[in-house]
Amino acid sequence: MTADEAKIEIENLTKEINSLNEAYYQRHESKVSDFDFDMMLKRLQQLENEFPQFKDPHSPTTRVGGTVNKNFKSVKHEYPMLSLANTYTDEEIFEFDKRVRKGLAEEKVEYVCELKFDGVAISLIYEEGKLTQAITRGDGVQGDDVTDNVKTIRNIPLKLKGEGWPQKFEVRGEILLPLAEFERINKEREDIGEAPLANPRNAASGTIKMQDSSIVAQRRLDCYLYNLLGENLTVPSHSNALALLESWGVPVSPTYKTCGSLEGVKAYIQHWENERQNLPVEIDGIVIKVNDLNQRAELGNTSKNPRWAIAYKYQAEKAMTRLDKVTFQVGRTGAVTPVANLEPVELAGTIVKRASLYNADEIERLDLHIDDQVYVEKGGEIIPKITGVLADQRSKNAVKINFVSNCPECGTALVRKEGEVNYYCPNENGCEPQIKGKIEHFVQRRAMNIMSLGSRTINALHKAGLVDNIADLYELKADDILKLEGFKEQSTAKLLQGIEDSKQMPFEIVLFAVGIRFVGKTVAEKLAIHFETLEQLQKATFEELIEAPEIGEKIANSVLEYFAEENNLSMLNRLKSYGLNFEIQRSEEAEQVGTSLEGLSFVISGVFEKYSRDELKDLIKNNGGKVVSALSSKVSFLLAGDKMGPSKLAKAEKLGTKIISENEFLEKIGL
Ligand SMILES: NC(=O)c1ccc[n+]([C@@H]2O[C@H](COP(=O)([O-])OP(=O)(O)OC[C@H]3O[C@@H](n4cnc5c(N)ncnc54)[C@H](O)[C@@H]3O)[C@@H](O)[C@H]2O)c1
Ligand SMILES: [Zn+2]
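Quick note: the sequence shown uses full-length UniProt numbering, first residue 1, plus one each step.
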């Protein structure tokens, strides 16, 4: 390689890696696989070693990849938060061990092996046994203060157990989105027609940087801690430090192991290579660390990594195959998603025929052509995805794949709303998959649970002209159903009974089942509890909607749009006339325990520390008080939490409504 060639390659790699880092750390997106990324970085390192004269002083090989975000207060780390050197091969583990022993003049070395959790790094600061600050890694020198968000993570202790902790210390670890939770969130996103989150790691890093802590709290993040730092720590080794953390109630994964030799390290790597499938969280490898803290100090750090540790990464399984074509699916909400149809190929023990392509931008980014050779990979994603295209193997006249401009089902021109990645078919009431999808959504187990109504029956009913929307279900007659193929007396009676039983479903389920965009199961529950009746929900203004707990602008707008549609109103009216529930059923057992609030009415606003808004609501009612949703001159108190809207405060002041805090309120009822 000539110097000129090296210069060009160094420049190109530097540029590309910087841009991948930016996507990864700022936008929580992986444009290439981690393996490809690591290989690019390694190549750059090699070239820089050979041609140091062309090395950019800010080269990504010398810096920790993350960045600091302007939306958070940035905090300088007391001790830099470094990255880890990584490898995918046994030989390099061997080399690492050799380097370590040489650096320690052939002293005896003990290693601790840990799982390499695939989430986001976090540093927690405890003072007097209390959690006072949580900071992201950022660029390694300074990070973002995300304390409010981290406090919502249930297994992170806000107060330590036991005693004898140093006055101030730091503990570092990884915040993760458990796989089950990742799947739950994606199921819910599917319910409301939103694109799924790509993988647990990117979802965790996106979540921890959210501005609204209440949304963070809904996503049940988890955390494992693995590093204790501070002045005047008396522990001699890392394994002692881990034991100490455990005794204080800090969540340490019990999977770590002390190994006296490289053989032990290798056995650990092998064990977890298979066993990791059974973990509730994702790992991307294991970390090997020198145990003795004095030896660590002797070895020291480079500008980017400690010299006393290395990560062994497992490679995601990958396969190459041919792209046959791209088909376009229309969902219940009208969202059109592209799917890659592949020549079947084996990947991680299963045969893969399809891969998700997410949206139009993804097709464009991959620059896909028919018959392309593509790489498919299974990461945290359930459906495999295309991670690369062999563009140089493409024939000259290959046909480029473009996103369709009309609905593949009904031909209507697709629309793309500003700020959204998806294209939609706007023909809500005339597009087959949307019509059937809405009915399927309504009857599913998690909604109205009419299990006698499968998608084949829905198809048949629709084809026979009996059912065009969910309200039509309640007008079905035995005679009509009996005319359908395969229906006898008994199956017909069962179907009608299932429909009849669904009338008992509570309001919050009905609200979810009717399929308002962005109103998933949890959101429907929140809306039902807050507004109590359909009538009140329907009357709610934008301001009143966003006042409801955990309801943001996007949901508020979608609810408003839904009720502005004449078709929806007449359908709701029909459902009401058939006897479906449109009012919350308050449990009668909620006993009244006191009368101290009799004759008083309350508006609750903001975020509270000790009780949720619903709990506060119950406390008011149980003590004889009344909760109302809007301020007026008749309201006795505004129970105000954090982050209350300024307009509400101004209104209360104008009306002369008394404002009380959570603590004052609790005192009032003797709690
Ligand atoms: N696909 C992409 O586009 C892209 C872009 C940038 C970075 N990346 C990936 O991210 C990596 C760089 O990120 P990085 O600097 O955070 O390195 P890293 O994630 O490979 O390793 C360092 C991190 O590992 C974590 N970790 C998990 N378990 C640990 C344990 N038991 N002990 C110590 N640390 C533990 C810590 O958060 C630490 O900061 C790259 O190697 C690449 O794989 C991918
Ligand atoms: Zn259509």
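All residues carry an ideal CB built from backbone N, CA and C; glycine is no exception.
Through-space distance from residue j to residue i, alpha-carbon basis
i           : j       : result
Ala-121     : Leu-82  : 10 angstroms
Asn-305     : Val-290 : 14 angstroms
Glu-346     : Val-339 : 18 angstroms
Val-443     : Asn-449 : 5 angstroms
residue 702 : Leu-619 : This structure gives no information on residue 702, because the portion of the chain shown stretches from 1 to 671.
Ser-19      : Met-39  : 15 angstroms
Thr-132     : Arg-574 : 55 angstroms
Leu-221     : Glu-11  : 39 angstroms
Ser-612     : Val-287 : 40 angstroms
Lys-648     : Phe-328 : 46 angstroms
Glu-544     : Ser-629 : 8 angstroms
Lys-76      : Glu-653 : 40 angstroms
Ile-516     : Ile-192 : 8 angstroms
Leu-158     : Tyr-79  : 22 angstroms
Ser-632     : Lys-73  : 38 angstroms
Glu-532     : Lys-539 : 12 angstroms
Glu-553     : Glu-667 : 34 angstroms
Thr-136     : Asp-148 : 12 angstroms
Lys-98      : Ile-351 : 42 angstroms
Asn-622     : Glu-615 : 10 angstroms
Asn-469     : Val-415 : 23 angstroms
Arg-101     : Glu-92  : 14 angstroms
Gln-373     : Val-235 : 55 angstroms
Ala-556     : Leu-534 : 15 angstroms
Val-281     : Leu-537 : 39 angstroms
Residue i, buried or exposed, once every other Cβ within 10 Å from all chains shown has been counted against 16
i       : result
Gln-332 : First, the amino acid is wrong: residue 332 is Arg here, not Gln. It counts as buried.
Glu-128 : exposed
Tyr-126 : buried
Phe-94  : exposed
Gln-434 : buried
Ala-447 : buried
Val-150 : buried
Glu-508 : buried
Phe-542 : exposed
Asp-90  : exposed
Leu-160 : buried
Own chain, CB closer than 6 angstroms to residue i, minus 5 neighbours either side, in chain order
i       : result
Thr-492 : Ala-478, Ile-481, Leu-482
Ala-413 : Asn-406
Ser-239 : Val-112, Thr-258, Asn-291
Lys-576 : Phe-582
Thr-207 : Val-216, Arg-219
Boundaries (first-last residue) of the alpha helix (DSSP H) holding residue i
i       : result
Leu-293 : 293-299
Val-265 : 262-275
Leu-569 : 566-577
Val-150 : 147-150
Ala-241 : 238-247
Unbroken beta strand (DSSP E) run spanning residue i, endpoints
i       : result
Ile-351 : 350-356
Ala-311 : 309-313
Ser-605 : 601-605
Leu-225 : 222-229
Leu-414 : Leu-414 -> no beta strand (DSSP E), and no H or E assigned at all.
Glu-346 : 335-347
Asp-144 : 142-144
Rounded distance between the beta-carbons of residue j and residue i, thought under 8 angstroms
i           : j       : result
Arg-201     : Gly-119 : 6 angstroms
Pro-166     : Leu-233 : 6 angstroms
Ala-309     : Leu-84  : 6 angstroms
Ile-363     : Ala-398 : Rounded, the Cβ-Cβ distance is 14 angstroms, inconsistent with contact.
residue 741 : Gly-498 : For residue 741 there is no data in the structure shown, the boundaries of the chain being 1 and 671.
Ala-471     : Leu-484 : In fact, because the Cβ distance is near 19 angstroms, the residues do not count as touching under 8 angstroms.
Val-171     : Leu-124 : 5 angstroms
Asn-86      : Gly-173 : Wrong, their Cβ atoms sit about 18 angstroms apart, outside the cutoff.
Tyr-578     : Lys-503 : 7 angstroms
Chain-order list of residues whose beta-carbon lies under 7 angstroms from that of residue i (same chain, five-residue window excluded)
i       : result
Thr-302 : none
Phe-487 : Ile-481
Gly-230 : Pro-166, Lys-168, Phe-169, Glu-170
Ala-360 : Phe-403, Tyr-423
Lys-634 : Ser-601
Tyr-268 : Cys-113, Lys-257, Cys-259, Ile-286
Same chain, Cβ closer than 8 angstroms to residue i, five either side skipped, listed in chain order
i           : result
Arg-63      : Asp-139, Gly-140, Ser-303, Lys-304
Tyr-25      : Gly-65, Gly-66, Thr-67, Ser-205
residue 729 : Nothing can be reported for residue 729, as the shown portion of the chain is limited to 1 through 671.
Near ligand 3: residue i beta-carbon under 8 angstroms from a heavy atom
i      : result
Val-32 : This structure lacks ligand 3; its bound ligands are ligand 1 and ligand 2.
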